[in-house]
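The next block holds one structure in the form of C-alpha cells; read it before the comments.
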Amino acid sequence: MNQPLQPSDLRAELIRCVADLQEEEALALVQTRLANGDDPLLIVEDCQEGLRQVGERYEQREYYLAGLIMAGEIFRQVMELLAPLIQVRFSGHESGVILLGTVAGDIHDIGKNSLSLLLTSYGFTVHDLGVDVPAADFLAAATVRRPDIIGLAGLLTSSYDAMRDTIRLLRTVGDPAIASLPIIVGGNQIDQQVCDYIGADAWVTDAMAGVRLCQRLTAGAST
Ligand code: B12
Numbered sequence: 193m194n195q196p197l198q199p200s201d202l203r204a205e206l207i208r209c210v211a212d213l214q215e216e217e218a219l220a221l222v223q224t225r226l227a228n229g230d231d232p233l234l235i236v237e238d239c240q241e242g243l244r245q246v247g248e249r250y251e252q253r254e255y256y257l258a259g260l261i262m263a264g265e266i267f268r269q270v271m272e273l274l275a276p277l278i279q280v281r282f283s284g285h286e287s288g289v290i291l292l293g294t295v296a297g298d299i300h301d302i303g304k305n306s307l308s309l310l311l312t313s314y315g316f317t318v319h320d321l322g323v324d325v326p327a328a329d330f331l332a333a334a335t336v337r338r339p340d341i342i343g344l345a346g347l348l349t350s351s352y353d354a355m356r357d358t359i360r361l362l363r364t365v366g367d368p369a370i371a372s373l374p375i376i377v378g379g380n381q382i383d384q385q386v387c388d389y390i391g392a393d394a395w396v397t398d399a400m401a402g403v404r405l406c407q408r409l410t411a412g413a414s415t
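Going by the working numbering, the sequence shown opens with residue 193, and the numbers climb by one from there.
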C-alpha cells in the first residue's frame, strides 16, 4: 500500500513539479497542502524555488522562452489560489504608502505582484506603476502620490542600470522630500554589490523580508 506523503515530501514534490513545468500536478499539490493547513507563504517560497530552477534550466538551454512563460503562468495560478488566504490571514491597519514598479526595459512582474499583495495585506497602500516604467514616471508618480518608500523591481542584469538611472533622477530632483525618500530594490539576482552599484538604500530577495523592511522604514512615521 502507498504511504501518504509527508509534509517535507510534499514540499520537495511541489518544487519538482514547478521546475518540471507540470502545471496540473503543481496546482493539485497546492490544493492538497492548503487542505493540510500548510502555510501559504511556505507554498509561495517553494514555488519561487521551482521558478529559480526553471531559470537555471533555461540558462543550460534545457528550456526555451516557452518554458519561462509556462513557469510564470503556473506561478500566477498558484498566487490566484493563495491570494484570498493571504489577505484573510493578515488584514492589517494603515501602515504607509509604497510606490512600486518594475524598471524600464524589464517586464518581470510576478515577484513585484507578490510583494504588492503582501504589502496590501499588511495594511500598506501600494501604488503599482506596472512594468517597464521609465525613470521619469517614477518621479512624476512620487510627486503626486507622496509615498513613504519607493520600491524598484527588476530581474535582468540590464535592469541595474535602469535602477541606477531611476535612483539618480529621484535623488537629484529639486524636491528634497522626494530626494530623501528611502528607495528599496528587489529581484532574486540582487545582492549587496548590486545594491551599492545602483545606490539603493536596501535590497531584499524575498517578499516577506520586503514587508518587514517596509515596516521598519515606516515605523517612525506610522505611530
Ligand atoms: C518567469 C520568468 C519570465 C517570464 C516573466 C513573466 C512575468 N509576468 O513576470 C517571461 C517569460 C516574460 C520572461 C521573459 C524574459 N526573461 Co525571464 N525569467 C523568469 C523566471 C523563470 C522566474 C522569475 C520569477 O517570477 N520568479 C519568482 C518571483 C516570485 O521571484 P522574484 O522575482 O525574485 O521576486 C521575489 C523577491 O525578489 C521579492 N521582490 C521582487 N520584486 C521586488 C521589488 C521590491 C521593491 C522588493 C522590496 C522585493 C521584491 O519578492 C518576490 C517574492 O518573494 C526567471 C528565473 C529566476 N531565477 O528568477 C527568469 C529570468 C529572470 N529571465 C531571464 C531572461 C534572460 C529573460 C528574457 C530576456 C528571455 C528572452 N530571451 O526574451 C525575457 C526578458 C523580457 C523583459 N524585457 O523583461 C533571466 C535573466 C538573466 C539576467 N541575468 O539578466 C532569468 C534569470 C532566467 C535565467 N536564469 O537565465 N521571464
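We put the CB at the ideal spot given by N, CA and C, even for glycine.
Ranked by Cα distance from L234, the options I261, A204, Y255 are led by A204. M355 has its alpha-carbon roughly 11 Å from the corresponding atom of D388.
Contact between the segment 357–376 and the segment 211–220 is not established, with fewer than three Cβ pairs separated by less than 8 Å. Within the segment 271–357, the complete beta strand (DSSP E) segments at least 3 residues long are 288–294, 316–320, 341–345, listed from N- to C-terminus. In the three-state reduction of the DSSP assignment, V396 falls in the strand class.
The alpha-carbon separation between Y352 and V295 amounts to approximately 9 Å. In the structure shown, the three-state DSSP call for I375 is strand. Distance from G293 to A345 at the Cβ level is roughly 7 Å; contact confirmed, criterion being Cβ atoms closer than 8 Å. In the structure shown, the three-state DSSP call for E216 is helix. Between L226 and L202 the beta-carbon gap is near 11 Å, outside 8 Å, which marks them as no contact.
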